[in-house]
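Heads up: the structure comes next, in structure tokens.
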Ligand code: SIN
């Protein structure tokens, strides 16, 4: 393999990586370079990588053990891989609202690696936002106010309508509203409108108002990068310090692929 080239797409978030063939195992030097690139750019994009399921899982395991999705079953023979698919029969797509993956878990994922083999002619972009940039842009007074607050991240209202299995209990966890990234040591906003139901320490109306402010704040386009997919592209995002949103502007066309998730640790 040739040398890795990292091309930033914006100053705050996103870089395209060239010089790798992810069908082949990566040596320790390349894995270290990708870990550093992820810490620096938060989401990495790779083009023209027609990987199979084994290569996908092997690439994910370079960054840690793979996690099982706490609600969506994996594909046959590969419990660690979930299908991301939409076509003319779809009534919803995964990730249409701003979110980080599975923040309902006690130990939310470190990152997710999405590979799309089929993409619409146009549309189907994914937007990613830096929660470092969102935190940095808060006033010092707001940063002080948010310090020490805890939010409830509940999966029930997300997954019960999709899988109405009355017996099933979906995860629900409390995490700090402002977390510290375990690798970079930077602070970031860690609430998202998909999973969070309330801030524990505040009365309900105040919690609703603070969350509404934060959800509007994190959508600032200056914190974002927008990825235009091509067939066999891959996006690898640091789930601890980003949020993302999948656009669904391409109905009834097909957009299809698979995602693996790298296990994370308890936010602090
Ligand atoms: C997801 O939320 O993981 C799906 C992202 C996408 O389909 O672009």
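In this note's numbering, the protein residues as written are 72 to 339.
Cβ coordinates follow ideal geometry from the N, Cα and C atoms, glycine included.
### Query
Quick one, are the C-beta atoms of residue 197 and residue 134 less than 7 Å apart?
Taking the chain shown and counting its residues from 1, the one referred to as residue 197 is at position 126. Taking the chain shown and counting its residues from 1, the one referred to as residue 134 is at position 63. Contact: no.
### Message
Let me check you understand the geometry: is the CB of residue 84 closer than 6 Å to at least one non-hydrogen atom of ligand 1?
### Response
Your numbering for residue 84 matches position 13 in the chain shown. It does not: the Cβ of residue 84 is nowhere closer than 6 Å to a heavy atom of ligand 1.
### Query
Name the DSSP bridge partner or partners of residue 324?
Here the question's residue 324 lines up with position 253 in the chain shown. According to DSSP, residue 324 bridges with nothing at all.
### Query
Applying the criterion that 16 or more other CB atoms from any shown protein chain within 10 Å of the CB defines a buried residue, is residue 240 buried or exposed?
Position 169 of the chain shown, counted from the start, is the residue given in the question as residue 240. With fewer than 16 other Cβ atoms within 10 Å, it is exposed.
### Query
Can the beta-carbon of residue 84 be found less than 7 Å from the beta-carbon of residue 109?
Mapped onto the chain shown, residue 84 falls at position 13. Mapped onto the chain shown, residue 109 falls at position 38. Not a contact, by the Cβ cut-off of 7 Å.
### Task
Determine, using beta carbons only, whether residue 321 and residue 195 come nearer to each other than 7 Å.
The sequence position of residue 321 within the chain shown is 250, counting from 1. The sequence position of residue 195 within the chain shown is 124, counting from 1. For residue 321 and residue 195, yes; Cβs fall inside 7 Å.
### Query
If we ignore side chains and look at the alpha-carbon of each, how far apart do residue 191 and residue 324 end up?
Position 120 of the chain shown, counting from 1, holds the residue named residue 191. Position 253 of the chain shown, counting from 1, holds the residue named residue 324. Between residue 191 and residue 324, the C-alpha separation is close to 6 Å.
### Query
So, using beta-carbon positions, are residue 150 and residue 137 closer together than 7 Å?
Counting from one through the chain shown, the residue named residue 150 turns up at place 79. Counting from one through the chain shown, the residue named residue 137 turns up at place 66. No.
### Query
Is any heavy atom of ligand 1 found at a distance shorter than 6 Å from the C-beta of residue 166?
Counting from 1 along the chain shown, the entry for residue 166 is found at position 95. Residue 166: yes, Cβ under 6 Å from ligand 1.
#### Entry: Inter-stretch contact at 8 Å, needing at least 3 Cβ pairs: the stretch 332 to 339 / the stretch 175 to 190
yes
### Task
Tell me whether the beta-carbon of residue 305 lies closer than 7 Å to the beta-carbon of residue 120.
Residue mapping note: residue 305 aligns to position 234 of the chain shown, counting from 1. Residue mapping note: residue 120 aligns to position 49 of the chain shown, counting from 1. Closer than 7 Å, so yes.
### Query
Hey, quick one: how far does the beta strand (DSSP E) through residue 295 stretch, first residue to last?
Here residue 295 is taken as the residue at index 224 of the chain shown, counted from 1. Segment 295 to 298, the beta strand (DSSP E) holding residue 295.
### Message
Checking 7 Å against the spacing of the C-beta atoms, do residue 182 and residue 308 come in under that value?
### Response
For the purposes of this step, residue 182 is taken as the residue at position 111 of the chain shown. For the purposes of this step, residue 308 is taken as the residue at position 237 of the chain shown. For residue 182 and residue 308, yes; Cβs fall inside 7 Å.
### Query
Would you call the CB atoms of residue 222 and residue 294 closer than 7 Å?
If you number the chain shown from 1, residue 222 lands on position 151. If you number the chain shown from 1, residue 294 lands on position 223. Contact: no.
### Task
Please check the pair residue 189 and residue 327, which I expect to be a contact at CB under 8 Å, by giving their CB distance rounded to whole angstroms.
Position 118 of the chain shown, counting from 1, holds the residue named residue 189. Position 256 of the chain shown, counting from 1, holds the residue named residue 327. That pair is a contact at about 4 Å.
### Message
Measuring straight from C-alpha to C-alpha, what distance separates residue 289 and residue 172?
### Response
Taking the chain shown and counting its residues from 1, one reaches residue 289 at position 218. Taking the chain shown and counting its residues from 1, one reaches residue 172 at position 101. Each residue's Cα considered, the two are about 16 Å apart.
### Classification of residue 244 by the beta-carbon crowding that lies within 10 angstroms, buried from 16 upward
Taking the chain shown and counting its residues from 1, the one referred to as residue 244 is at position 173. Buried, by the Cβ-count rule.
### Message
By the three-class DSSP mapping on this structure, what secondary structure does residue 209 have?
### Response
Locating residue 209 in the chain shown gives position 138, counting from the first residue. It is coil, neither helix nor strand.
### Message
Applying the 10 Å Cβ sphere with the 16-neighbour rule, what's the burial state of residue 233?
### Response
By 1-based counting over the chain shown, the position of residue 233 is 162. Residue 233 should be labelled exposed.
### Rounded C-alpha distance that separates residue 75 from residue 106
Within the chain shown, residue 75 is the residue found at index 4, counting from 1. Within the chain shown, residue 106 is the residue found at index 35, counting from 1. Approximately 12 Å, taken between the alpha carbons.
### Task
Inspect the beta-carbon positions of residue 264 and residue 168 and report whether they are closer than 7 Å.
Indexing the chain shown from 1 puts residue 264 at position 193. Indexing the chain shown from 1 puts residue 168 at position 97. Yes. Within cutoff.
### Message
Any heavy atom of ligand 1 closer than 6 Å to the beta-carbon of residue 155?
### Response
Walking along the chain shown from the start, residue 155 turns up at place 84. Yes - ligand 1 has a heavy atom lying nearer than 6 Å to the Cβ of residue 155.
### Query
Per DSSP, which one or two residues make a beta bridge with residue 348?
No information on residue 348 is available, as it lies outside the stretch 72 to 339 that the chain covers here.
### Message
So, at 7 Å on beta carbons, what are the nonlocal neighbours of residue 126 in its own chain, with the 5 sequence-adjacent residues on each side left out?
### Response
Numbered from its first residue, the chain shown carries residue 126 at position 55. Hits under 7 Å: 93, 94.
### Task
Compute the distance between the beta-carbons of residue 255 and residue 225, then report whether it is under 7 Å.
Taking the chain shown and counting its residues from 1, the one referred to as residue 255 is at position 184. Taking the chain shown and counting its residues from 1, the one referred to as residue 225 is at position 154. No, they are not a contact pair.
### Query
So what's residue 234 in DSSP terms, helix, strand or just coil?
Reading the chain shown from its first residue, position 163 is the one you call residue 234. Coil at residue 234, not helix or strand.
#### Entry: Any non-hydrogen atom of ligand 1 closer than 6 Å to residue 313 Cβ
The count along the chain shown starts at 1 and reaches residue 313 at position 242. No, since every heavy atom of ligand 1 falls outside the 6 Å radius drawn around the Cβ of residue 313.
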